[in-house]
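S.K.: Using this note's numbering, read the sequence shown as starting at 7 and increasing by one per residue.
Glycine included, each C-beta is placed from N, C-alpha and C at the ideal position.
This is the structure I have questions about; it appears just below.
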Amino acid sequence: MHRYESRILVIKIFILVAGIGLIVGLWHHQTKGIPPASSKQSATRNSVVAARNELNRIYPFHEPPDQRRAYFGAAAGCHLIVVQLESFQNFLMNAALQGQPLTPAMNQLSKESLYFPHVFQQIGIGNTSDAEFLSNTSMYPPGMFPSSSQYGDRKIMSLARILRNRGYRANTFHVNDVTFWNRNQLYPALGFDAYYDKAFFRRESFNRFGASDEELFRVGIDKMVASDACHEKFYSQFITVSSHAPFTIPKEHRRLSLPQDIKDRRLGDYLTAVNYADHALGTFIRRLKETGLWDKSVLVVYGDHFGLHKKYHQPEAISEWLGVPYHKQISTYNVPLIIHLPGQQQGKIIRQSGGQIDILPTLANIMGMKPDKEGLATFGHDLLNVEHNIVGMRYYLPTGSFINDDVLFIPGKKGFLDGEAVFIRTLKPVRDIQRYKLEYDYIIQWMNLSDRYAKQQPVRKDAQGGGKAEP
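Below is the structure:
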């Protein structure tokens, strides 16, 4: 028996013997999340972590021992800058509309960075805020309930907290009001020192969500330069909104020339919006270089979720206009992830499949941190070192949907029995899905453990007070 198959068999035995227990409702195609549950209904945190460690140990991820981990500590002690791009899908990378590159800044950044083209969104109903939760905690969002409201009253061990333990200051920037998506609770739950919301930016009518991405980055640069001048290490998170639906960009900021005969105006508006967002990112990168922060910082850029809803757009029309293959699910949920290291000039494509839940473990490795030893149980993996990976999805797809090294699997009305799978690289349908049955069982167990672990996070004493906004 192949080593991979033999270890998958071990997973099956573990599932049957360990008694972690599948929630029957999770198998049904209509179940896309979990309802709130009291702590009395949850196992103790230690037992959940032990079950997670065991299941993680026997799945064939094939991660190397600590002394052989690639990129470990490659940017230890450097600043960390994370940019979450609104509604940014990966098919945009290197695509062009009638000779006009859609994302020239991202294209250039990918050529001199670590670029992960097979990363997928994993958000629930909380959308953008769920993406923040995923990247900062490496836990699954609850699906039918926004992470920001479900866990906003908790004290969560997170990326911000483990960096703060190492002397970093953690700030987050967003041009909308901090109460949007309950972020006034989410940010203290995640351990950020301060947030900068609508009140800190110029009053400009860019779109209904607030100031432009360029204004967002302008304020952020000033704060980071001040911190660096004081020899203060920082973790800065930027949540962009200029490319948010309905993709309205003021005429004076439009840089893309749309053909007159494009019938899908929503597609045209989307391409215009992401093209502007890419331009704003380019100006941000230029300012990082001008201020000297570029060579002192890790820059991470990733998409939060899809922009083109499959309900409104035909894959054939997108492919026709842009000359790229487009799949109604894989291309929709595929988002870019780029990590630039200080001093890096030569890019590298990392083809390992993954999700937003893998961002924290990957960054922790680069920053020279080991989450488990920091008191953080992650449910993602380091994409620079894992050989096999599997990530789950729910809400936008039925619970039990997963992406592994080869396929996107989606359960049907009868769960696995009438499910379908598509190869993520060729976009061709999979004829025989039986070999993925155990991985289907596995991912439901894994996500269930993540949910139980999240519920065990302690309640904050200041949960009703909201976060702290700096003057």
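1) What span of residues does the beta strand (DSSP E) with Asn171 cover, start to end?
2) Please report the straight-line C-alpha distance between Asp219 and His346, rounded to a whole angstrom.
3) Just how far apart, CA to CA, sit Leu328 and Phe198?
4) Taking the alpha carbon of Tyr318 as the reference point, which residue from Leu273, Pro107, Glu60 has its own alpha carbon closest?
5) Should the segment 375–391 be called in touch with the segment 411–420, which here means at least 3 C-beta pairs below 8 Å?
6) Tell me which residue opens and which closes the alpha helix (DSSP H) that Phe139 is part of.
7) Can you check which of these residues, Glu60, Arg167, Asn188, is closest to Asp159 by C-alpha distance?
8) Would a C-beta distance cut-off of 8 Å place Tyr282 and Arg260 closer than the cut-off?
9) Applying the criterion that 16 or more other CB atoms from any shown protein chain within 10 Å of the CB defines a buried residue, is Lys461 buried or exposed?
10) If you draw a straight line from the alpha carbon of Ser93 to that of Phe312, how long is it in whole angstroms?
11) Looking at the strands, I want to know which residues DSSP matches up with Phe122.
12) Excluding the 5 residues preceding and the 5 following Asp136 in the sequence, name in chain order all residues of the same chain whose CB lies nearer than 7 Å to its CB.
13) Between the alpha carbons of Arg400 and Tyr332, how many angstroms are there, rounded?
14) Output yes or no for whether 8 Å exceeds the beta carbon distance between Phe97 and Val330.
15) Once DSSP output is grouped into helix, strand and coil, what is the label at Asn454?
16) Taking 8 Å as the threshold (C-beta atoms), are Leu120 and Trp452 in contact?
17) According to DSSP, simplified to helix, strand and coil, what is His259?
18) Using a threshold of 8 Å, state whether the C-beta atoms of Leu165 and Leu366 are closer than that.
19) From this set, Pro256, Asn100, Tyr446, which residue's C-alpha is nearest Lys117's C-alpha?
20) Do you know offhand how far Val465's Cα is from Ala111's?
21) Taking C-beta to C-beta, are Gln243 and Tyr308 nearer than 8 Å?
22) Kindly indicate which residue of Cys236, Phe186, Glu326 has the alpha-carbon position closest to the one of Gly216.
23) How far does the alpha helix (DSSP H) with Ile409 in it reach, from first residue to last?
24) Using three-state DSSP, classify His311 as helix, strand or coil.
25) Please report the residue range of the beta strand (DSSP E) in which Val428 lies.
26) By the 10 Å Cβ neighbour count, where 16 or more other Cβ atoms means buried, how is Asp447 classified, buried or exposed?
27) With a floor of 4 residues, list each alpha helix (DSSP H) that falls wholly inside the segment 247–298, ordered by position along the chain.
28) Straight-line CA distance for Ala76 to Leu455?
29) Using the rule of at least 16 other Cβ atoms within 10 Å of the residue's Cβ for burial, across every protein chain shown, is Gln47 buried or exposed?
30) Given this structure, state the Cα-to-Cα distance separating Ser325 from Leu103, to the nearest angstrom.
31) Grab me the residues of Ser337's own chain with a C-beta within less than 6 Å of its C-beta, minus the 5 sequence neighbours each way, in chain order.
M.R.: In short, the structure shows the following:
1) Here residue 171 corresponds to residue number 165 of the sequence shown, with the count starting at 1. Looking at the DSSP string, Asn171 is not in any beta strand (DSSP E), and its letter there is neither H nor E.
2) The sequence position of residue 219 within the sequence shown is 213, counting from 1. The sequence position of residue 346 within the sequence shown is 340, counting from 1. Taking the straight line from one Cα to the other gives about 20 Å.
3) Sequence index remark: in the sequence shown, residue 328 carries index 322 (1-based). Sequence index remark: in the sequence shown, residue 198 carries index 192 (1-based). In a straight line, the C-alpha of Leu328 is about 40 Å away from that of Phe198.
4) As a first step, residue 318 is located in the sequence shown; it is residue number 312 there, counting from the start. Checked all of Leu273, Pro107, Glu60; the closest Cα to Tyr318 is Leu273.
5) no
6) Translated into the one-based positions of the sequence shown, residue 139 becomes position 133. It spans 133–143 - the alpha helix (DSSP H) in which Phe139 sits, taken as one unbroken run.
7) Start at 1 with the first residue of the sequence shown, and residue 159 comes out as number 153. Out of Glu60, Arg167, Asn188, Asn188 has the C-alpha closest to the C-alpha of Asp159.
8) Within the sequence shown, numbered from 1, the residue matching residue 282 stands at position 276. Within the sequence shown, numbered from 1, the residue matching residue 260 stands at position 254. At a Cβ-Cβ threshold of 8 Å, Tyr282 and Arg260 count as neighbours.
9) Your numbering for residue 461 matches position 455 in the sequence shown. Answer is buried; the Cβ neighbour count reaches 16.
10) Within the sequence shown, residue 93 is the residue found at index 87, counting from 1. Within the sequence shown, residue 312 is the residue found at index 306, counting from 1. Answer to the nearest angstrom: the Cα atoms are 5 Å apart.
11) Stepping through the sequence shown from its first residue, residue 122 is reached at position 116. Note: Phe122 sits in a beta bridge opposite Leu343.
12) Position 130 of the sequence shown holds residue 136. Same-chain partners within the cutoff: Ile129, Gly130, Pro147, Pro152, Ser153.
13) Here residue 400 is taken as the residue at index 394 of the sequence shown, counted from 1. Here residue 332 is taken as the residue at index 326 of the sequence shown, counted from 1. For Arg400 and Tyr332, the distance between alpha carbons rounds to 21 Å.
14) Stepping through the sequence shown from its first residue, residue 97 is reached at position 91. Stepping through the sequence shown from its first residue, residue 330 is reached at position 324. Phe97 places its beta carbon less than 8 Å from that of Val330.
15) One-based indexing of the sequence shown puts residue 454 at position 448. In the structure shown, Asn454 sits in a helix (DSSP, three-state: H, G or I).
16) Residue numbering aside, residue 452 sits at position 446 when the sequence shown is read from its first letter. Residue numbering aside, residue 120 sits at position 114 when the sequence shown is read from its first letter. No.
17) What you label residue 259 is simply residue 253 of the sequence shown in a count that begins at 1. Of the three classes helix, strand and coil, the one that applies to His259 here is helix, per DSSP.
18) One-based indexing of the sequence shown puts residue 165 at position 159. One-based indexing of the sequence shown puts residue 366 at position 360. In terms of Cβ geometry, Leu165 and Leu366 form a close pair [threshold 8 Å].
19) In the sequence shown, counting from the first residue as 1, residue 117 sits at position 111. The residue with the shortest Cα to Cα distance from Lys117 is Asn100.
20) Residue numbering aside, residue 465 sits at position 459 when the sequence shown is read from its first letter. Residue numbering aside, residue 111 sits at position 105 when the sequence shown is read from its first letter. The alpha-carbon atoms of Val465 and Ala111 are separated by roughly 42 Å.
21) Residue mapping note: residue 243 aligns to position 237 of the sequence shown, counting from 1. Residue mapping note: residue 308 aligns to position 302 of the sequence shown, counting from 1. Not closer than 8 Å, so no.
22) On the sequence shown, residue 216 is found 210 positions in, with the first residue counted as 1. The shortest C-alpha to C-alpha distance from Gly216 to any of Cys236, Phe186, Glu326 is the one to Phe186.
23) For the purposes of this step, residue 409 is identified with residue 403 of the sequence shown, where counting begins at 1. Counting along the chain, Ile409 falls outside any alpha helix (DSSP H), though it belongs to the beta strand (DSSP E) covering 407–409.
24) To locate residue 311, count along the sequence shown from 1; it is residue 305. Here His311 sits in coil by DSSP.
25) Residue 428 sits at position 422 when you count from the first residue of the sequence shown. From DSSP, the beta strand (DSSP E) with Val428 extends over 421–429.
26) To locate residue 447, count along the sequence shown from 1; it is residue 441. Flag for Asp447 reads buried.
27) 271–297
28) The sequence position of residue 76 within the sequence shown is 70, counting from 1. The sequence position of residue 455 within the sequence shown is 449, counting from 1. Going by the C-alpha atoms only, they are around 28 Å apart.
29) The sequence position of residue 47 within the sequence shown is 41, counting from 1. Low local confidence applies: a pLDDT of 38 at Gln47 is under 50, so the model's placement there is unreliable, with the coordinate-based value given in what follows. Exposed, because fewer than 16 other Cβ atoms sit within 10 Å of the Cβ of Gln47.
30) Taking the first residue of the sequence shown as 1, we reach residue 325 at position 319. Taking the first residue of the sequence shown as 1, we reach residue 103 at position 97. Answer to the nearest angstrom: the Cα atoms are 11 Å apart.
31) Counted from its first residue, the sequence shown places residue 337 at position 331. Within the same chain, Ser337 has close Cβ partners Phe97.
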